[in-house]
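Taking it in order: structure first as structure tokens, then the write-up.
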Amino acid sequence: MSVEAIATVLPEELATIKAAAQSSNLPYAGGVPPALAWALFSSGRAQLIDVRTGEERKFVGHVADSGHVAWATGTALTRNPRFVRELENKIGGKDAVALLLCRSGKRSVLAAEAAAKAGFTHVFNVLEGFEGELDEHQQRGKADGWRFHQLPWIQD
């Protein structure tokens, strides 16, 4: 699909990302930088869905007004067998534009791949995640991630 054809459905920034993902043979719509994810979500052009556990959202923090569909649950991070069905219900269908956010951007890639395999057309991964990657001191949030970029979030 051409960038022009995708752009008729998606915000321009996402159409470009999706076209690049397709040309790279990614098995999902592509990765969105945190600042762009915030711009799209806060302007109502995309839904933001947190795929971390409920406990992570509560104790680490989350983006206000974001949706929540856990990719995995519990301390063992057991895969949620209802994820695709719950995501479809949460975002309103397989053609909705959704940005998936997890801790570091790894679970959200798996979730985006599962969504694409199930027929979702515009589900993207938020790069870097909420907390970012571990640094040399085994700490997150020091070099990347939603919070590192000082994007809005709240904590219960």
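Going by my numbering, the first residue of the sequence shown is number 1017, and it counts up by one from there.
The C-beta atom is built at its ideal place from N, Cα and C for all residues, glycine as well.
Looking at the DSSP output, N1141 shares a beta bridge with G1047 and L1116.
For Q1171, there is no enclosing beta strand (DSSP E), as DSSP marks it with neither H nor E.
Annotated as proximal: N1141 and G1121, with beta-carbon spacing under 8 Å.
Positions of the alpha helix (DSSP H) runs, each at least 4 residues long and wholly inside the stretch 1058 to 1125, are given as 1070 to 1076 and 1099 to 1107 in order along the chain.
Counting the other Cβ atoms within 10 Å of the Cβ of H1153 gives fewer than 16, which makes it exposed.
By the neighbour-count criterion, in which 16 or more other beta carbons inside 10 Å mark a residue as buried, A1086 falls on the buried side. Counting C-beta pairs closer than 8 Å gives fewer than three between the stretch 1088 to 1105 and the stretch 1153 to 1169, which falls short of the contact rule.
In the structure shown, the three-state DSSP call for W1054 is helix. Residue burial is scored here from C-beta neighbours: G1060 has fewer than 16 other C-beta atoms within 10 angstroms and is therefore classed as exposed. If you check the CB distance, W1169 and V1113 do not come in under 8 Å. The beta carbon of G1145 lies closer than 6 Å to those of C1118, R1119, S1120, G1121 and G1161 in the same chain, with the five residues before and after it left out.
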